[in-house]
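Trainee: Got a structure for you, written out below as structure tokens; questions coming shortly.
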Amino acid sequence: MFGLFKKKTRANKNDAVRKALAGYGDDGTRPRHVIHFAYAKKGGQDAAAAEEIIRRYLAPDVLEPAEVGDGIRFEQNREVASAEFDAMTDGLERDLAEIGWEYDGWECAVETGEEE
Numbered sequence: 001m002f003g004l005f006k007k008k009t010r011a012n013k014n015d016a017v018r019k020a021l022a023g024y025g026d027d028g029t030r031p032r033h034v035i036h037f038a039y040a041k042k043g044g045q046d047a048a049a050a051e052e053i054i055r056r057y058l059a060p061d062v063l064e065p066a067e068v069g070d071g072i073r074f075e076q077n078r079e080v081a082s083a084e085f086d087a088m089t090d091g092l093e094r095d096l097a098e099i100g101w102e103y104d105g106w107e108c109a110v111e112t113g114e115e116e
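Mapping of the sequence shown onto full-length UniProt numbering: residues 1 to 116, in sequence order.
Structural data, given as structure tokens:
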């Protein structure tokens, strides 16, 4: 019963995305274009503080305002299957929360290695 109320960890959320990718034959190990999102909560610090945290974890190819809301979209090319990826997203979620921001997760295209 208490499992119903257990908060999902970032790694669990990453696993849910990876499970969806696996449904298309993608194991997450191939490098791909990954888009991340973070949004300011009411009373959160300014975007410059969030950008500083983001740059601690990665060198984004793109770092710009999100299309919706008071947020940031940042992009990189990498795999999404490793423990290092989970550690990065865990750190982003934790450190952004400390300044009143929410790491909202990531998305990517399916990469199976097959030509379309």
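Beta carbons: idealized from backbone N, C-alpha and C, even for Gly.
In chain order, what are the residue ranges of uninterrupted beta strand (DSSP E) at least 3 long that sit wholly in the UniProt domain "Regulator of ribonuclease activity B" (13-108)?
Mentor: 32-40, 62-65, 71-78 and 101-108
Trainee: Excluding five sequence neighbours on each side, which residues of the same chain lie with their C-beta closer than 6 Å to the C-beta of Trp106?
Mentor: In the sequence shown, counting from the first residue as 1, residue 106 sits at position 106. Val34 and His36.
Trainee: Sorted by chain position, which residues of the same chain lie with C-beta nearer than 7 Å to Asp104's C-beta, five sequence neighbours on each side aside?
Mentor: Locating residue 104 in the sequence shown gives position 104, where the first residue counts as 1. Closer than 7 Å at the Cβ level, and outside the excluded window around Asp104, lie Phe37, Ala38 and Tyr39.
Trainee: Since I believe Cys108 is in contact with Val68 (beta carbons under 8 Å), could you give me their beta-carbon distance rounded to a whole number of angstroms?
Mentor: Within the sequence shown, residue 68 is the residue found at index 68, counting from 1. Within the sequence shown, residue 108 is the residue found at index 108, counting from 1. Actually they are not in contact, since the Cβ atoms of Val68 and Cys108 sit about 19 Å apart, beyond 8 Å.
Trainee: Out of curiosity, what's the CA-to-CA distance linking residue 133 and Val17?
Mentor: One cannot answer for residue 133 here, as it falls past the ends of the chain, which runs 1 to 116.
Trainee: By a C-beta neighbour count over all protein chains shown, 10 Å radius and 16 as the cutoff for buried, is Asn12 buried or exposed?
Mentor: The sequence position of residue 12 within the sequence shown is 12, counting from 1. Classification for Asn12: exposed.
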